[in-house]
Amino acid sequence: MPVVQRPVPQLPASLDLTGKTAIITGGNTGLGLETAKQFLQRGLSHLILAVRTPAKGEDAKRQLLAEPSVAKRAQAPTIVIFRLDLTSHASLVEFASRVEREVPAVDILVLNAGIYPFNFELSPETKNEIGYQVNHLSNAILAILLLPVLQRTGGPAHITVLGSRMATRHTFKKRPVDLEKPIAAHFNNPKYFNFISHYSDTKFIIQSFLHALSAKVDSNRVIVNAICPGQVNTNLGSQDGAPKWAALIKPISNLRGRTPEVGARCVVFASAAAGQDSHGALVCDMTVSAPIPYMETPVGRAMEEKIWKEALEAAEGVAPGSPAKAGLV
1 MPVVQRPVPQ LPASLDLTGK TAIITGGNTG LGLETAKQFL QRGLSHLILA VRTPAKGEDA
61 KRQLLAEPSV AKRAQAPTIV IFRLDLTSHA SLVEFASRVE REVPAVDILV LNAGIYPFNF
121 ELSPETKNEI GYQVNHLSNA ILAILLLPVL QRTGGPAHIT VLGSRMATRH TFKKRPVDLE
181 KPIAAHFNNP KYFNFISHYS DTKFIIQSFL HALSAKVDSN RVIVNAICPG QVNTNLGSQD
241 GAPKWAALIK PISNLRGRTP EVGARCVVFA SAAAGQDSHG ALVCDMTVSA PIPYMETPVG
301 RAMEEKIWKE ALEAAEGVAP GSPAKAGLV
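The opening residue of the sequence shown carries number 1 in UniProt numbering; numbering runs sequentially from there.
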């Protein structure tokens, strides 16, 4: 791993989001907030911040509207706060239903919210391991539920998930999942939990889902991709449950990590400028990456088929008819 990450180019000067609508999950802090800022700087007209705590979303809204480049706009953008809890299937359905009712069309969906769990924990509602639930299953369900709203634009709209190069460091080659059981059963077994590799495994799972989704979605209407913005300076080490040694990562992050501004530039590129060549792929910085080798093996393809089937079943379970409505079955 190089000490210094490669420079990230500037966004195309021609990128203009005037008249467009974007949704960002986890848009009240960090990378999500900076992405929102850059969308607005590019003229975005309507922004929905999907946050777990609405009061924090309102704080972010005030901060964004106070940005000099936003405040001086002749017509102020519309920013609204929708509550979303990725650990709750009921919240996913409520959120998607509200979007469908209140938003005519969505041009950009950035599924930015995620988690790096240091400890094994089950979601109280879904009984799934929290990292699997938040990083994969909830994002997959949201993509399915919201796909019809993105298809209204006439395209191409974008669905962009926060992915990671770390997906290439998954453990499934060494420790394959039992395909006779649900994928969740693997993650829900504490003996398989290792916080070092767990994040990589969840990112591999969501990347497999996106690859399967891209085969079902016309890229002329909706481009589906994932973005790895590289290592970005975060609050890792200060979050609840972090081990004491995690604080040692901060100096490394300060030395090597990108600023949120640079990281968000990558997100904006993938979600607003990347073309059809990114459909179903992981975009690293601003470059479309080759598929993860394991995904192209017979076992990897079988695993992807199971991930896809279970995501459809999960969406059908929480919102009957949603896969058919999205044109996925």
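Glycine residues also receive a C-beta, built at the ideal position from the N, C-alpha and C atoms.
Predicted model, so just to flag it, every value in this text is computed and none were measured.
Bounds of the alpha helix (DSSP H) holding Arg-98 are 89-102. Between Thr-35 and Ser-271, the gap from beta carbon to beta carbon is short of 9 Å. In this structure Ala-167 is in contact with Gln-207, their Cβ atoms being roughly 5 Å apart against a cut-off of 8 Å. Between Gly-27 and Asn-112, the beta carbon gap of about 7 Å places them in contact (Cβ cut-off 8 Å). With a minimum length of 3 residues, the unbroken runs of beta strand (DSSP E) contained wholly in the segment 271-313 fall at 282-284. Cβ-Cβ separation between Gly-114 and Asn-135: approximately 5 Å, consistent with a contact (criterion under 8 Å).
Only residues of its own chain outside the window of five on either side were considered, and among them Asn-128, Glu-129, Ile-130, Asn-188 have a CB closer than 8 Å to the CB of Leu-122, listed in chain order. Comparing alpha-carbon positions, the option among Asp-59, Gln-10, Gly-327, Ser-69 lying closest to Leu-213 turns out to be Gly-327. Looking at the backbone, the Cα of Pro-291 and that of Arg-62 are separated by about 40 Å.
Taking the CA atoms as reference points, Ala-215 sits about 13 Å from Ile-144. For a cut-off of 8 Å, the C-beta gap from Val-106 to Thr-21 is around 5 Å, short enough to register as a contact. Looking at the DSSP output, Ile-23 bridges to Ile-48, Leu-109. In the three-state reduction of the DSSP assignment, Ala-157 falls in the strand class. Using a C-beta cut-off of 8 Å, the segment 4-16 makes contact with the segment 257-265, since at least three inter-stretch Cβ pairs fall below that distance. Ala-55 and Arg-83 have their C-alpha atoms spaced approximately 10 Å apart.
When secondary structure is reduced to three states using DSSP, Leu-15 falls in the coil class, being assigned neither helix nor strand.
The beta carbon of Glu-58 sits closer than 8 Å to those of Ile-81, all from its chain and outside the five residues before and after it, given in chain order. Going by DSSP, Ile-196 is part of the alpha helix (DSSP H) stretching over 195-216. Taking 8 Å as the upper bound for CB-CB distance, Gln-276 and Val-222 are not in contact here, some 11 Å apart. Between Leu-146 and Val-99, the beta carbon gap of about 6 Å places them in contact (Cβ cut-off 8 Å). The straight-line gap separating the alpha-carbon atoms of Gly-154 and Ser-197 is approximately 40 Å. Collapsing the DSSP output to three states places Arg-83 in a strand.
Around the beta carbon of Asp-85, 16 or more other beta carbons sit within 10 angstroms, so the residue counts as buried.
Here Arg-165 is near Leu-282, since their CB atoms are less than 9 Å apart.
Arg-175 sits exposed, since fewer than 16 C-beta atoms from the chains shown fall within 10 Å of its C-beta. In this chain, Val-149 is not harboured by any beta strand (DSSP E); it is covered by the alpha helix (DSSP H) spanning 138-151.
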